[in-house]
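Peer 1: Structure provided below as structure tokens; questions to follow.
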Amino acid sequence: MTMLQHAILVLLLPLASAVVIALFLRRQGAVASWLSTATAGAIAAISIILLLHGERFENSIEWLRFGDFAVSLGIKFDDLAALMLFIVGCVGFLIHVFSLGYMHDDAARARFFGGLSIFMFSMIGIVLADNLFMIFIFWELVGFSSWLLINHYHHKQSAADAAKKAFIVNRVGDFGFLLGIIMCYWLNGTVNLSELARLGDTHALVFSLALPLLLFCGAVGKSAQMPLQVWLPDAMEGPTPVSALIHAATMVAAGIYMLCRISVLMVPDVLTLIMWVGTATALYAALCAVVQRDIKKVLAYSTLSQLGCMVAAFGLGSNLPGHDGGGTAVLAAGGAAAMFHLTTHAFFKALLFLGAGSVIMGCHHEQDIFKLGGLRTKMPVTFITFTIGVLAIIGLPGLAGFFSKDAILYLAMEKNTAVFAILAFTAVLTSFYMVRLWKITFLGEARSDAAKRAHESGLTMTLPLIMLAVLSVAGGYSGVFGQLAGSVAELVPEAHGSAHTIILMVSLAVMTVGAGSALLFYKTAATDTLEEQARVLFAGLTWLKESFDRLYDYYVAKVQQRFAMLLNFLEQIFLAGLIIRGFAGIVGMIGYGARALHTGSLHAYVFWFLFGAALLWAFAAGVF
Amino acid sequence: MSTELLQAIAASNEWWALGPELTLACGALALLVIELISPKEQHRFIPHLASMALGVVLVGVVMNFGKTWGEEELFGGLVRLSVPGQIARIFFLLSSLLVCFLATICLPRARAPRVEFYHIVLVVTAALMLLAQSNHFVMFFVALETVTIGFYILVSYYRERVLSLEAGLKYLVLGALSSAILLFGIVLLYGAVGRVEQGGIVHTGFEYGTVLNFLRENPDNFLATAGALLVIGGVAFKIGAFPFQIWVPDVYQGAPTPVTAFLAVSSKAAGFAVLLTLVHRVFSPLQAVLVPVLSLLAATTIIFGNLAALKQHNTKRLMGLSGVSHAGYLLIGVVASLTVPWAAGAVWFYLFTYLLASMAVFGVMAYVAGPDDSGEELDHYGRLARERPFLGAVLAVGVGSLAGIPPLAGFMGKLLLFVAAFQAHLYGLLVVAVIGVVISIFYYFGWIRAAWFESWSPPAPGAVPAPRPLPAGPTFIGVITLAALTLATVLLGFYQQPLTSWLLE
Amino acid sequence: MSDTLFLILSVLTVAMALLVVLNKNAVNAAMCLLLSLAGLAGLFVLLDAPLLAFVLILVYAGAVVALFLFIIMLLDTTPGSFKPFKPLTIAAAVLGAALLGLGIWSLFGRAVLPDAPASVPVPTMKHHAEMLFTTYLLPVQVVGFLLLIAMLGVIVLSKKYTAPEDAK
Amino acid sequence: MMTPFLAAAPVYGLPSYLLVSALLFAIGFFGVLLRKNTLVIYMCLELMLLASTLALVAFSKFNGTLDGNVFVFFVLTIAAAEVAVGLAIIVALFRQRHTVQVEELNQLKH
Amino acid sequence: MPDNAQLLQLAIATPLGAALIIACGLPKRFSTKLAAAAFTLPALIALWLWSQFPAENAHQYAFLSTTYTGLADFGISLKLGLNGIALPMFLLAAIVGLAAGYYALRSGAERLKLYLLLLLVMHGGLLGVFASVDIFFFYFFHELALIPTFIMVGVWGGRDRHYAAMKLTIYLTAGALLSLLGLIALYVKSGANSFDLIELKDAIAAGGLRGSTQNWIGGLLLLGFGTLVSLWPLHTWAPLGYGAAPSSAAMLHAGVLKKFGLYGLIQIALPLLPLGMQHWAWKLALLAGLGNVLVVGFVTLAQRDLKQMIGYSSVMHMGYCFLGLACLSTIGTGGVVLLMVAHGLSVALLFLLATSIHHRTHSFDLSEMGGLAQKTPVLAAFFVAATMASIGLPGFANFWGELTVFVALWKFSPGLTAVAIAGVVISAIYGLRAAARVFFGPVSEQHQRVQAQHPPADLDWREKLPALILLAALLFFGFYPKAISQPVDQALGYSATPKALFTPLKTR
């Protein structure tokens, strides 16, 4: 089998799995889950084969043609795709395995695993796509599978609402994305990524401010950047493995991946905007995370914050002097840094989420961290792996997060001090709330029955945790990442000399400050220390968190729905009522009038005849 | 003048050519004789005899269609045999046959005398056929008056019913008035043309050909134009064109159902047969006046007929007013035929489809109506489709065809008219016609709605007639006849060859 | 001479016709119609159609007007049933009269007549008979049937009928 | 050859007869328009028919064709038949409604 | 073995013939069997013809046959055939007809025989519409299919059925008449003296119509067809009518019959009246974009009744079709054909499922429902699939149509493209909201009461089979759009339209 066939196989396997599950295994949850997991395993294996084999290729077939317009489906397998495929495949597989345990007692297991398979299919589609139309297709499918999986507990109103919200908000982003793709098609005559890159190389590319901006909209939606970040915290209504897979490791990262794919189209102004959007999101989410009580919500905001960092990195880095020296490198330093962080983040955030899942499972679906506590002894594996995850995310030197975060901070420092400051502050906050979470969840005494009765999860759940912990530790080393990312890794900015020292210092400082203050500040109690000690601050942060939701709720309920009602009213009253019924009524009135002319009186009729005769006579006399 | 000469002239009256009319007249007389000599219990065969007479003649005419008669003038130019004349004969025979069928339903129910009815129908049919073939204003007037007086009697045939008599009275007064107008027009034409000597033979303004020649030379003669338009006015009364349509609903409502059908179909068709002849063969040089007059009549007729029918709930009045609008569409065809010759065929096609559909609807009406058929409202159809699905289906097809809904024959009729109108550049009239058709959908489908959709409630509050029990269903012959009409209506929508091959040659 | 006669007869005819319309009493109206007919017959004579004048008197005065009178008497419609006209009716009548007057005026304003031929044959009874029984034989036959159905119609409208369904 | 209507000689020639005819026609029409007694309406209708016969006879004489005269026979016959039928209807109606007034005979309407 | 042209005739004649036989009084149990066969056979024939269709000559009519009905002198004859554009539509009619027929067969409707009879007539008409080369018969078959709708809405309809039936009929008849006038105008003005589309094309190619003539004929056709396809603001019949119509009628009408107008514009107006269409393109696009997509989109958001909502959404999607048409380009028109097929399938599926939901909840009111998915997961899955198809999720056929239309639209007007794509967001909102209201969340109180009386069962086979047919078709065309696009592209490429009118694409 050629590598191309492998790639096609890796794309189609999960689709086949989903189809088989949907058609035949609806009631055989166990079989379905094993099938899906086996598929994921195969994907992971093939993705590793593809990654290591080293062959990079492209191929496409025409799928639709009208006149000169054609949509093709194809595969562009370069280093970037290989890296992403590896992340999706491996993390996906581990999460599948985890789900075997986590979802074991779920009645709708088949639906869940079917959904996971569809998701894998869609995500791999994005990864392998060689043109923007194809990306868009799978982009939408990813949104759909996300909807499907968030909606898993559909009997809960909150889950149904969250799924709906996620889908719609994503669509809002896709609005711009699709416009951008179409604009790209008409501007440059192609949407094929390689052709675009070639055009860029020959300086034949048509640039436009609107184009990257519109395309960025897609990333804003999918990667939950401001102002479309609202769906991601709500998406935690889905089962925890879903949160880990989709809303932490892969799908939300697709925005970053897509940005890297189209970086050739970027223009400086848009990059600046991207940078600021990312920075704002990072800061905002970090602030919100501080006041969360729900273990998954904390992680969700943390994800948001990290995604913000990646987007900011993308926006930052591509303007680094010296990078656009031509050549085949489409990807710039910022993109590489973002991808680097994406990779490490995928590992440790998946780890954290799965850890959270393990906690939730162990504590009988108790998610409020202030009702947990003391899990350190009851769930040792979870505790250790979770700790590794926390350390990775706060950037403990030597762990994966440290390296990627450093790369981003370095970029920021080089490029924009304000952004650097904000990102550094975000890092402080990250350390702060992660340690808060960790401490309150695992240390101290158990504060509820659920926590008291907690138990360690089974092997299917702990094994993925361990694997991910390993990756979280090792993923940041250039030996590993370089192997994974190939040419991408070479672009990752590295600080040298004094810059290196400064970054290291800053990095250590923020980590220490954040982690230390959290360790000292928070008590392992049933109430939020911050809420008690700094009521105003807490209320402010809570307000900050809710303000967007309020705004959107206000828009939906008071603006959009009212506008819709108004238009409906106008339609029913004016169009269908006054105009149409009114017109029919007038005709009817005339009809009644015409009917009333038949008075039954012979004289009146004779008069009609006289009138008629006179009329004819007048015609004969040439009056008319 | 010697006897021989008289005989020679009399010999030129080729009676054989009027075989169908003579047969009917003799048949009518025979009916009277049979009634006198046969025992009373055998009188129930009389309707069948009348139908048989009509049927035999119909078969005869159809079999000899186009064989023996070319374009020739008989009886010294009184009558002209022509293909349109044959078509008219067939039309009137078919129509009368169906009227006799309707009479077999209605007359016994109304306890009305039989033989006289059939007698008059036969005579009127013969007169109608003559009317359509007349080539001379004296012949025309005499035949027309025979028809008209026959209709006076038929309309007021239910002498026990005030409404029937009132309808008869109204029809008589207005009919006589229109006859007077028509006659005055003929007189004016006669006077205007004067004495024309050609090859030693004296021609007068009574002869169509003479009038035509006169008008060719004097197209702006006021007397002749006025006479022509007054004649058109008299014909407009027959076809129920605006503003001579005002009698239609009252008379249709009061008349017995078979007579209403007879009026709606035969009388109207006779008007159009005459109008086509006049417009083409007599008044054609007056196009400058005729086209605007007829266009105006057509437009106003369509609009008035449809609007007045819109809120009508009495089925007979509805048929009458909708018939008015049909007259309007047909007038468009007549106008178009002035520039597009084949439009005359289209008019006949339309009339045939109208015959089929109307008779089907009147058949259903006859069955639905009780003994009193003047007060039949749409509400009485409330349970028709449920209790008598056959009648419901016939009604739906008939009404649909009248509304001009594909795939029914009525649509094809309208289509041909529209195409003709388009070719004649009558765009304004087309717009009016389309508006008319759309309005007509309201009441035609309102009727179907009344028959098919249950729980139909009348819009007029306070005047809700009590639901009437449906009378007995159709007999075997009734089923056959109605089914044949329905089937013909449907099939003609799909396959027009049988009609077009004669009408549009 | 004939001019004077024409004047007298035409004035008589028109005046009596007017009286037919304006007379309140139906019997008087019928009488006026009779006189109008007489005037008309006179005009026919002036127009060299004595035969028609004769027929007119015979058919109309002798039969039709008599029939009218007979029916009026039979139905005994009282003169008092004549109601005053409503304003609308008067307006309609005025309009109608105006239209009719306008029509006559326009007729005389515009019409041109053919020239009278040089020799005008005076029709005799024989001429009439010849035409009726040769050229117009067919209409005569038709009129015969017309009279027949009119007669039948009158019978139907007047005679009581027992349906066979009821006879049983 | 045509002559203007009023210029036709002699003084009381065709136009005069036609004037009488037209007046009779108009009067008859007016009567139908105005009178409420159905019987009188019939009389007025007869007047209208007779007006036409006068014009026919006049035209017949001045045009020199006999056909007009012959047509008068038919018209008179038809008019008589019409009257007969009409009177029969009125009598029948009178039996039912005991009136011959037009305004009372309008049950058929709208 | 009859040849393919005869098969095409047979496909149209089968439902009509079956209807006639049932009308003659066939007993009920034979009637249903006959009807089932009559619904199946055309679908099989359509599939066979599809497989036999000469792809390389898609611009020409295949399977041609001519039958004279007596109006040959007027250039009217029953000429049947399929070209690349007609083929997918014919297939659509056959598939939706099959699904609607199967659904009706076991719907348990009162007076089932009559219902089936009318449905068969409708089906026959629909098949005829797309197989007619003669534009007179094209119109004729449309009306043939339309009339049963009226009776079906009136007799078997739901709320407001009388008013809805009347309004539907008035609107559609008026629209049809206007378009008929347009067709007659073409017939007369083209000089072909024939309704045969091929001859019309030849005549116009030879003579050509003046711009002003094209303008008014085009306007007439657009107005007429626009009414039939529910162009804003002539659309108010549609939601009302569909809201009241029984499921099978709504499926066939919204799914197939409504496409008549668009199909007519594509097959007749675009090639014959290019200048006229160009004259109206902007006005059409504005009406469709602002009216159908935006206004109706928002109005859809405000609907509480499920069927009304589907009806409005269908109106909205027609806006995309008009937008695609207004582009006057091969891409746009091709997209419209794709969208027509896709929308036909998806809206039919939605109507079918809406009725199935009603069977279980006894309500169409969205605010009264909730949590149905707990009892009927399969129904929920189908409905979600249908909703996703309707809002243009990739993988379903609708996506390709919408995408193509949007791409074409950008060249016409980027602003309108933005409007159109904003419509996609709106449709996602109402589509998902409806699905969520009906199926997800806790079981509503009202629904609990209904459930207590009528415990809801999941989809049974009588509902599942037609739904599966439609869904399979949607997915098939969604995964393999080339099945439609290839013949359509061929046919459009050879269209008689002057090439200059189509904006050339910028290609490298």
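As given, the protein sequences belong to chains A, B, C, D and E, one line each in that order.
The first sequence begins at 877 in the numbering used here and counts up one residue at a time.
The second sequence begins at 78 in the numbering used here and counts up one residue at a time.
The third sequence begins at 25 in the numbering used here and counts up one residue at a time.
The fourth sequence begins at 1131 in the numbering used here and counts up one residue at a time.
The fifth sequence begins at 2 in the numbering used here and counts up one residue at a time.
Beta carbons: idealized from backbone N, C-alpha and C, even for Gly.
Compare the C-alpha of A:M879 against each of A:L927, A:L891, A:E1408 and name the closest.
Peer 2: Considering only alpha carbons, the answer is A:L927.
Peer 1: Got a sec: which bits of the segment 1034 to 1067 of chain A sit with their beta carbon under 7 Å from any beta carbon on chain E, in order along the chain?
Peer 2: A1036, K1040, F1043, I1044, R1047, V1048, F1051, L1054, L1055, I1058, M1059, Y1061, W1062, G1065, T1066
Peer 1: Spell out whether any CB of chain A is found under 7 Å from the CB atom of B:P306.
Peer 2: Contrary to the premise, residue 306 of chain B reads as Leu rather than Pro in this sequence. Chain A contact via Cβ: present.
Peer 1: Rounded C-beta distance between E:L339 and E:A398? I'm assuming under 8 Å.
Peer 2: 7 Å
Peer 1: Using Cβ-Cβ distances below 9 Å, what residues of the segment 932 to 943 of chain A are close to chain E?
Peer 2: E938, W939, L940, R941, F942, G943
Peer 1: State the DSSP-derived secondary structure class of B:Q275, mapped to helix, strand or coil.
Peer 2: strand
Peer 1: Could you tell me the boundaries of the beta strand (DSSP E) in which A:E1113 lies?
Peer 2: The continuous stretches of beta strand (DSSP E) do not include A:E1113, and DSSP gives it neither H nor E.
Peer 1: Do the segment 1350 to 1361 of chain A and the segment 969 to 980 of chain A make contact, defined as three or more Cβ pairs closer than 8 Å?
Peer 2: Segments in contact, no.
Peer 1: With a 10 Å radius around its C-beta and 16 neighbouring C-beta atoms as the bar for buried, classify B:A423 as buried or exposed.
Peer 2: buried
Peer 1: Would you check if the distance between the CB atom of E:L263 and the CB atom of E:C322 is smaller than 7 Å?
Peer 2: yes
Peer 1: To the nearest angstrom, report how far apart A:T1302 and A:F1308 are at their CA atoms.
Peer 2: When rounded, the distance between both Cα atoms is 9 Å.
Peer 1: So does A:T1418 have its beta carbon nearer than 6 Å to some heavy atom of the ligand FAD?
Peer 2: Ligands in the displayed structure: none, and consequently the ligand FAD is not present.
Peer 1: Taking Cβ positions, are B:S372 and B:V342 nearer each other than 7 Å?
Peer 2: no
Peer 1: Does any residue of chain E have a CB that is nearer than 7 Å to the CB of A:E1422?
Peer 2: no
Peer 1: Relative to chain B, which residues along the segment 1173 to 1186 of chain D have a C-beta separation below 8 Å, given in chain order?
Peer 2: L1175, M1178, L1179, A1181, S1182, A1185, L1186
Peer 1: Look up A:I1138 in the DSSP assignment and say whether it is helix, strand or coil.
Peer 2: coil
Peer 1: Is the CB of C:G63 under 7 Å away from at least one CB in chain B?
Peer 2: no
Peer 1: Using the DSSP secondary-structure output, state which residues sit across from A:E934 in a beta bridge.
Peer 2: According to DSSP, A:E934 bridges with A:K952.
Peer 1: Distance, Cα to Cα, D:V1150 vs C:L31?
Peer 2: 10 Å
Peer 1: Output the boundary residues of the alpha helix (DSSP H) element that contains E:R211.
Peer 2: Boundaries cannot be given for E:R211, as no alpha helix (DSSP H) includes it and DSSP labels it neither H nor E.
Peer 1: Taking the beta carbon of A:Q1105 as the centre, do at least 16 other beta carbons fall within 10 Å, making it buried, or is it exposed?
Peer 2: buried
Peer 1: Under the assumption that B:I226 contacts C:L172 (Cβ atoms under 8 Å), give the Cβ distance between them as a whole number of angstroms.
Peer 2: Incorrect: roughly 10 Å between the Cβ atoms, too far for contact.
Peer 1: Relative to the alpha-carbon of E:W157, which residue among E:S315, E:Q309, E:A245, E:A6 has its alpha-carbon at the smallest distance?
Peer 2: E:A245
Peer 1: With the cut-off set at 7 Å, would you say B:T378 and B:A420 are in Cβ contact?
Peer 2: no
Peer 1: Let me make sure I understand the geometry here. Which of E:I148, E:F139, E:K284, E:I136 has the alpha-carbon closest to that of E:M123?
Peer 2: The residue from E:I148, E:F139, E:K284, E:I136 with its alpha-carbon nearest to that of E:M123 is E:I148.
Peer 1: Which residues mark the beginning and the end of the beta strand (DSSP E) in which E:F64 is found?
Peer 2: 63 to 68
Peer 1: Of all the CB atoms in chain A, is at least one closer than 7 Å to the CB of B:Q389?
Peer 2: yes
Peer 1: Would you mind sorting E:N293 into buried or exposed? The rule is 16 or more other CB atoms within 10 Å of its CB.
Peer 2: buried
Peer 1: Are there 16 or more other CB atoms within 10 angstroms of the CB of A:W1314, so buried, or fewer, so exposed?
Peer 2: buried
Peer 1: Roughly how many angstroms lie between the CA atoms of E:N58 and E:A484, to the nearest whole one?
Peer 2: Those two C-alpha atoms are separated by around 15 Å.
Peer 1: Quick one, which residues of the segment 356 to 378 of chain B are near chain A if we go by CB-CB under 7 Å, in chain order?
Peer 2: V366, P369, V370
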